[in-house]
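Going down the list, the sequences are from chains A and B.
To convert, take the position in the first sequence, counting from 1, and add 833; that gives the working numbering.
To convert, take the position in the second sequence, counting from 1, and add 633; that gives the working numbering.
The beta-carbon is built from N, C-alpha and C at its ideal position, and this holds for glycine as well.
Here the structure is laid out as structure tokens; the discussion comes afterwards.
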Amino acid sequence: MLGVRALAMHEMSIAEALIRIVESEMAAHGLRTVRRIKVRHGELSTMVPEALDFAFQAMTVNTALEGAVLEYEKVPLTMSCSACGTSFSPEIPELLCTPCPSCGEELGHKVLTGKELNIEYIKGDT
Amino acid sequence: MSKTIPVIRNILEANDRLAEQLRTIFAENRLLALNLMSSPGAGKTALLERTLTDLRETLRMAVIEGDLQTNNDALRVAATGAQAVQINTEGGCHLDGSMILEAVKQIDLAGLDVLFIENVGNLVCPAEFDLGEAAKVTLLSVTEGDDKPEKYPLMFAESRVLLLNKIDLLPYVDFSLEKAAGFARALNPEIIVFPVSCRTGEGLQPWYDWLCEAVRTRQGA
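Listed below in structure tokens is the structure:
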């Protein structure tokens, strides 16, 4: 049987990708250590901050990133109405099918924000 | 000196780049790649066994099998005669672009019409990892509850096709096909819903028709 073996957990993959980005930014900006990393995650993203913290801590032992704090900001779900185009945020934070406040249409709204998984900034010392 | 560096980078950008590479590979081979997702036990492998067998004379198909530990599913798929590559995630909950790139190297893509990527059974994070597929296909079985689209909105919002499997069990469960399809369409008005039973074969023909049509569109015929 042909096969590929890989080791991954959802937040482990995210931590790995995040560490790679932070390392490249450190090199580009001459940072020796990192104290804080701001992460923005959308309401619809399935990332669990506690799991990312755990993976990040486990993967940064004895590196320049050890001890850095991940700071989280949740990006609310906003949608534009499928019928009239009004932009709105649902009252229940993650509910995609919800009446448009302007025309009442419930279905098929387009997601404007809420799928993000971004780094916003890195704080560290040169 | 303390410094704040504005970054604004998508954390999964590396995966998205790999997905673009895969998309190019699939396009060059005029290949329809489908990312097949569901919770564990919904019937992804059964659907593949059926499809690979019933369309054996019509389409040339291969499978990348994502699995936590075993190669049971890949063996089932290989028994139909199709090329199958196993990806063992060793507990990992989803497939990502790098795994698919590795797996694709082991498949003879020339002359293939369809590449099925059977994701790890999980309704949550597989939806977040682009694998370069042309479309996501989600399976939901009637034993799971018709409110699943509402509970896992991202997966259903991103899927082109929803197969409602195990309809032979409908008399024994409180599952409304209309309700499940309604929830899914509310999230995604364009989603195509096929109620099927991979055990009895009921309802599979419209899925086969969709698949053949999608291949024709892909190959520009």
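Alpha carbon to alpha carbon, how far is residue j from residue i? Give it in angstroms, no decimals.
{"i": "A839 (chain A)", "j": "T919 (chain A)", "result": "At A839 (chain A) the pLDDT is 46, less than 50, meaning the model places this residue with poor confidence and gives no usable figure here."}
{"i": "V710 (chain B)", "j": "H942 (chain A)", "result": "38 Å"}
{"i": "K907 (chain A)", "j": "P923 (chain A)", "result": "15 Å"}
{"i": "C914 (chain A)", "j": "K781 (chain B)", "result": "23 Å"}
{"i": "K738 (chain B)", "j": "M634 (chain B)", "result": "47 Å"}
{"i": "L685 (chain B)", "j": "T637 (chain B)", "result": "54 Å"}
{"i": "N752 (chain B)", "j": "L802 (chain B)", "result": "24 Å"}
{"i": "D649 (chain B)", "j": "G947 (chain A)", "result": "18 Å"}
{"i": "A841 (chain A)", "j": "L651 (chain B)", "result": "Below a pLDDT of 50, predicted positions are generally treated as unreliable, and A841 (chain A), at 44, falls in that range; no measurement from the model is reported."}
{"i": "I925 (chain A)", "j": "P909 (chain A)", "result": "10 Å"}
{"i": "E783 (chain B)", "j": "L950 (chain A)", "result": "22 Å"}
{"i": "A850 (chain A)", "j": "Y805 (chain B)", "result": "45 Å"}
{"i": "L669 (chain B)", "j": "W843 (chain B)", "result": "15 Å"}
{"i": "E835 (chain B)", "j": "L773 (chain B)", "result": "15 Å"}
Going by DSSP, which residues form a beta bridge with residue i?
{"i": "V757 (chain B)", "result": "According to DSSP, which records beta bridges pairwise, V757 (chain B) is partnered with nothing at all."}
{"i": "S635 (chain B)", "result": "A:D958"}
{"i": "T946 (chain A)", "result": "A:T911"}
{"i": "N951 (chain A)", "result": "A:R873, B:N643"}
{"i": "E751 (chain B)", "result": "B:L669, B:E698"}
Tell me the residue span of the alpha helix (DSSP H) that contains residue i.
{"i": "A660 (chain B)", "result": "646 to 661"}
{"i": "V737 (chain B)", "result": "730 to 737"}
{"i": "F889 (chain A)", "result": "882 to 892"}
{"i": "H862 (chain A)", "result": "843 to 862"}
{"i": "D620 (chain B)", "result": "No statement about residue 620 (chain B) is possible, as the shown extent of chain B runs from 634 to 854 and does not include it."}
What are the boundary residues of the beta strand (DSSP E) that residue i is part of?
{"i": "I925 (chain A)", "result": "Element bounds for I925 (chain A): n/a, residue is neither H nor E."}
{"i": "S913 (chain A)", "result": "911 to 913"}
{"i": "N668 (chain B)", "result": "665 to 670"}
{"i": "H874 (chain A)", "result": "866 to 875"}
{"i": "L903 (chain A)", "result": "902 to 908"}
{"i": "L827 (chain B)", "result": "In the sequence as presented, Leu is not what sits at residue 827 (chain B); that position holds Phe. Segment 825 to 828, the beta strand (DSSP E) holding F827 (chain B)."}
Quick check on the DSSP output: what are the complete alpha helix (DSSP H) runs of length 4 or more inside the region 756 to 806 of chain B, in order along the chain? With a minimum length of 4 residues, the continuous alpha helix (DSSP H) runs that stay inside the region 756 to 806 of chain B are 781 to 784, 786 to 791.
Listed in chain order, which residues of the region 882 to 898 of chain A have Cβ atoms closer than 8 Å to some Cβ of chain B? Within the region 882 to 898 of chain A, no residue has a Cβ that lies closer than 8 Å to any Cβ of chain B.
Given a limit of 8 Å on CB to CB distance, which residues of the region 635 to 658 of chain B reach chain A? From the region 635 to 658 of chain B, only S635, K636, T637, I638, P639, V640, I641, R642, N643, I644, L645, E646, A647, N648 have a Cβ closer than 8 Å to chain A.
Going along the chain, which residues of the region 813 to 833 of chain B sit with their C-beta nearer than 8 Å to a C-beta in chain A? Listed in sequence order: F816, R818, A819, L820, N821, P822.
If contact means a Cβ-Cβ distance below 9 Å, which residues of the region 914 to 928 of chain A contact chain B? Residues S915, E927, L928.
Along the region 768 to 791 of chain B, what residues have a CB closer than 7 Å to any CB found in chain A? Residues passing the 7 Å Cβ filter: P786, L787, A790.
Which runs of the alpha helix (DSSP H) fall wholly inside the region 687 to 713 of chain B and span at least 4 residues, in chain order? With a minimum length of 4 residues, the continuous alpha helix (DSSP H) runs that stay inside the region 687 to 713 of chain B are 705 to 711.
In chain order, what residues of the region 682 to 710 of chain B put their CB closer than 8 Å to some CB of chain A? Closer than 8 Å at the C-beta level to chain A, one finds these residues of the region 682 to 710 of chain B: N704, A707, L708.
What are the residues in the region 751 to 764 of chain B lying within 8 Å of chain A by C-beta distance? The residues in question are V757, C758, A760, E761, F762.
Anything in the region 929 to 941 of chain A with a Cβ closer than 7 Å to a Cβ of chain B? List those residues in chain order, please. Hits within the stretch, in order: L929, C930, E939, L940, G941.
Between the region 715 to 731 of chain B and chain A, which residues of the former have CB atoms less than 8 Å from a CB of the latter, in chain order? For the region 715 to 731 of chain B, the beta-carbon criterion of a distance under 8 Å to any beta-carbon of chain A is satisfied by A717, V718, Q719, I720, N721, T722, E723, G724, G725, C726, H727, D729, S731.
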